[in-house]
Amino acid sequence: PIDANWLDLMFQKGVMKYIDAVGIHGFPGVFDANWEGWEENLNKIKQVFSNHKCKSEIWITEAGFSTWQYDERRQLEEYLKLTSLNVGRFYWYGLKDLDPSMATVDGFHLDEREYHFGMKHSNGNPKMIYRMLEMEPIEKIKEKTWMFQNTNQDTDEKYTLITGGSGFIGTNVAQHYLLLGKPVMIFDNLSKPGVEQNLQWLIEKYGKDVKIEIADIRNEFAVKKAVGNAEQIFHFAAQVALTTSIIDPKNDFDINAMGTLNILNAMTKQQTPPSLVFTSSNKVYGQMEDLDLEVSGSKYLPSDGELNKYGISENRKLEFHSPYGCSKGTADQYVLDFARTFALPATAFRLSCVYGPHQYGTEDQGWVAHFMLNALNGKPLNIYGDGKQVRDLLYVEDLVEAFILAQANISNIAGQPFNIGGGPENALSLINVLEMISKASKKEIDVKYSPWRERDQKYYVSDIRKFELATGWLPKTGVATGLEKLYNWLKNIKEPNLKPSTIKENF
70 PIDANWLDLM
80 FQKGVMKYID
90 AVGIHGFPGV
100 FDANWEGWEE
110 NLNKIKQVFS
120 NHKCKSEIWI
130 TEAGFSTWQY
140 DERRQLEEYL
150 KLTSLNVGRF
160 YWYGLKDLDP
170 SMATVDGFHL
180 DEREYHFGMK
190 HSNGNPKMIY
200 RMLEMEPIEK
210 IKEKTWMFQN
220 TNQDTDEKYT
230 LITGGSGFIG
240 TNVAQHYLLL
250 GKPVMIFDNL
260 SKPGVEQNLQ
270 WLIEKYGKDV
280 KIEIADIRNE
290 FAVKKAVGNA
300 EQIFHFAAQV
310 ALTTSIIDPK
320 NDFDINAMGT
330 LNILNAMTKQ
340 QTPPSLVFTS
350 SNKVYGQMED
360 LDLEVSGSKY
370 LPSDGELNKY
380 GISENRKLEF
390 HSPYGCSKGT
400 ADQYVLDFAR
410 TFALPATAFR
420 LSCVYGPHQY
430 GTEDQGWVAH
440 FMLNALNGKP
450 LNIYGDGKQV
460 RDLLYVEDLV
470 EAFILAQANI
480 SNIAGQPFNI
490 GGGPENALSL
500 INVLEMISKA
510 SKKEIDVKYS
520 PWRERDQKYY
530 VSDIRKFELA
540 TGWLPKTGVA
550 TGLEKLYNWL
560 KNIKEPNLKP
570 STIKENF
């Protein structure tokens, strides 16, 4: 504790004439339950200094915030508060989380908070604080006041809840409802680079109708609070990269499976549960190695005429062949089973490849936008495999229409899964897509080929007849038109800075 009386005694004893700086520390929101605030505590020291005409410096010798409950926004907020204080220096605790295999001073995992103070996770993956400081100067971050003003949900106002709402699909769904003048709650931890630009765009365009909760889907208390006033839910928050799931399966499971279970449990606590549309994945069908494929020009196609004509249906057996497939498949099955067991109005969309505006694609996820960005910037592209693998592409506006129809027909489709994609009419190989992108951008694309990725599917095309029969939905946007729209959008945006710029790891 900060003890002004003790400091005054040190002056009276003559000790302070040998001291150049006085250090204080604090862990607000973690260890200091009755925290008065940095300014209040500094003023106590400054008053004693003033009484004794002391000009020594004041340092903050230790400060930090533990993200053990996944509150990375609060960690960044506490750090920014320190940068505004008039002190000689401050020391932040620390760069990386503690190795979970090691004991702390207090013992082995006796206090879980001790393990989560880092700007990065113990495996080196950056938290929100590191990502934001990496991308922008501190003063620029402070200008984003919406990051530190989570909407007060202690009202009776109903809204559409979108988890992962500042992501690519979430932004497009949010825009649909906001254009109608309906309030939307964006629940997002801003973990993917670029999505903070989507959220900033929504706020600037639609103002007070955009409710914000910067929080993590793994935080069951934050989820329960957000679900409380939701009249309908779109659950998009997820770990989305197969490669990442192989590197860190537990993190993948916690987000995709446990995060979804948090949503479902919160729904069961409501007297009238909100309706839910969950985005699952075609990866629940595994690698589909049993498909008899043949090469036709620059693409793989099934030799089975029926399969070639319609694609993969929901009757296909489930095979969770990767950690990502397992976690999404688990979530998929929980959604469908909770719909049956607890009579929840919920359905699951097993998505194919979706593309369109507000997608900041990377090599691991959002490959269509990634291809287009590289073409625009004259960067080489890396293709895993031979490029003949086939996917059906769905433009995001068509997907939004499918979501709206799902919500409108939820009483009839609850408890059922649907394969949603562009269908056979919009099925192309990677080589085909590259040719179309090159034509749209009027640029030659430098392509190199690498070995096949583990668990990659050579062919996946959605059989969309089941959802068409249930709702009348069909995709309206052809791939050529959709790619042109994406190209025009990407030309007019500034690619987010995804590389380190301001943080120096000289520790």
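When we follow my numbering, the leftmost residue of the sequence shown carries the number 70, and every step to the right adds one. Built from N, CA and C at the ideal position, the CB exists for glycine as well.
Own chain, CB closer than 7 Å to residue i, minus 5 neighbours either side, in chain order
| i | result |
| --- | --- |
| Tyr-148 | Trp-161, Ile-198 |
| Gly-355 | Glu-388, Phe-389, His-390, Gly-394 |
| Asp-101 | Gly-95 |
| Met-327 | Arg-287 |
Residue burial classification, residue i (beta-carbon count within 10 angstroms, cutoff 16)
| i | result |
| --- | --- |
| Tyr-424 | buried |
| Ser-510 | buried |
| Lys-457 | buried |
| Asn-577 | Residue 577 lies beyond the stretch modelled for the chain, which goes from 70 to 576, so this question has no answer here. |
| Gly-250 | exposed |
| Gly-233 | buried |
| Asp-180 | exposed |
| Tyr-528 | buried |
| Val-84 | exposed |
| Ser-316 | A small fix is needed here, since residue 316 is Ile in this sequence, not Ser. Exposed is the call here. |
| Glu-183 | buried |
| Pro-169 | exposed |
| Tyr-139 | buried |
| Asn-119 | Residue identity differs from the one stated: residue 119 is Ser in this sequence, not Asn. When all chains shown are included, Ser-119 counts as exposed. |
| Glu-265 | buried |
Beta carbon of residue i nearer than 7 Å to that of residue j
| i | j | result |
| --- | --- | --- |
| Arg-419 | Pro-486 | yes |
| Ser-531 | Asn-488 | yes |
| Met-204 | Lys-196 | no |
| Ala-335 | Val-364 | no |
| Thr-240 | Asn-267 | yes |
| Ala-415 | Val-404 | yes |
| Val-242 | Phe-472 | yes |
| Leu-463 | Pro-544 | yes |
| Gly-491 | Asp-461 | yes |
| Glu-146 | His-94 | no |
| Gly-484 | Ala-549 | no |
| Ile-127 | Val-156 | yes |
| Ala-417 | Ser-480 | no |
| Val-459 | Ser-498 | yes |
| Met-441 | Tyr-556 | yes |
| Pro-262 | Pro-318 | no |
| Gly-163 | Phe-186 | yes |
| Pro-426 | Trp-270 | no |
Neighbourhood of residue i by C-beta, 6 Å cutoff - its chain only, sequence neighbours within 5 removed
| i | result |
| --- | --- |
| Thr-152 | Ile-207 |
| Val-117 | Ala-73, Leu-76, Asp-77 |
| Ser-507 | Ile-514 |
| His-245 | Val-469 |
| Ile-302 | Leu-230, Pro-343, Leu-345 |
| Asn-331 | Glu-289, Val-292 |
| Asn-561 | none |
| Lys-338 | none |
Whole-angstrom C-beta distance between residue j and residue i, which should lie under 8 Å
| i | j | result |
| --- | --- | --- |
| Val-292 | Ile-286 | 6 Å |
| Met-254 | Thr-229 | 7 Å |
| Phe-305 | Ile-238 | 5 Å |
| Pro-343 | Ala-400 | Not really, about 17 Å apart at Cβ, beyond 8 Å. |
| Asp-614 | Pro-252 | What the structure shows of the chain is the stretch from 70 to 576, and residue 614 is not part of that stretch, so it cannot be assessed. |
| Phe-256 | Ile-231 | 7 Å |
| Lys-274 | Asn-325 | Actually they are not in contact, since the Cβ atoms of Lys-274 and Asn-325 sit about 30 Å apart, beyond 8 Å. |
Cut-off 8 Å between Cβ atoms - residues of its own chain near residue i, not counting five sequence neighbours on either side
| i | result |
| --- | --- |
| Lys-517 | Pro-449, Leu-450, Asn-451, Ile-452 |
| Thr-220 | Met-254, Lys-280, Ile-281, Glu-282 |
| Ala-90 | Ser-125, Glu-126, Ile-127, Trp-128, Gly-157 |
Proximity test, residue i beta-carbon vs the ligand SAM heavy atom, cut-off 6 Å
| i | result |
| --- | --- |
| Glu-273 | Ligands in the displayed structure: none, and consequently the ligand SAM is not present. |
- Query: Unbroken alpha helix (DSSP H) runs of length 4 or more, entirely within the stretch 363-424: which are they?
  - Reply: 374-379, 392-410
- Message: To test your reading of the DSSP string, which unbroken alpha helix (DSSP H) runs of 4 or more residues are found completely within the stretch 442-514?
- Response: Complete alpha helix (DSSP H) runs here, min 4: 465-477, 479-482, 499-510.
- Which runs of the beta strand (DSSP E) fall wholly inside the stretch 267-292 and span at least 3 residues, in chain order? Entirely contained in the stretch 267-292, the beta strand (DSSP E) runs reaching 3 residues are, in chain order, 279-283.
- Item | Runs of beta strand (DSSP E) lying entirely within the stretch 120-176, each at least 3 residues, in chain order | 126-132, 158-161
- Could you tell me which uninterrupted beta strand (DSSP E) segments, each at least 3 residues in length, are contained entirely in the stretch 173-258, listed from first to last along the chain? 228-232, 253-257
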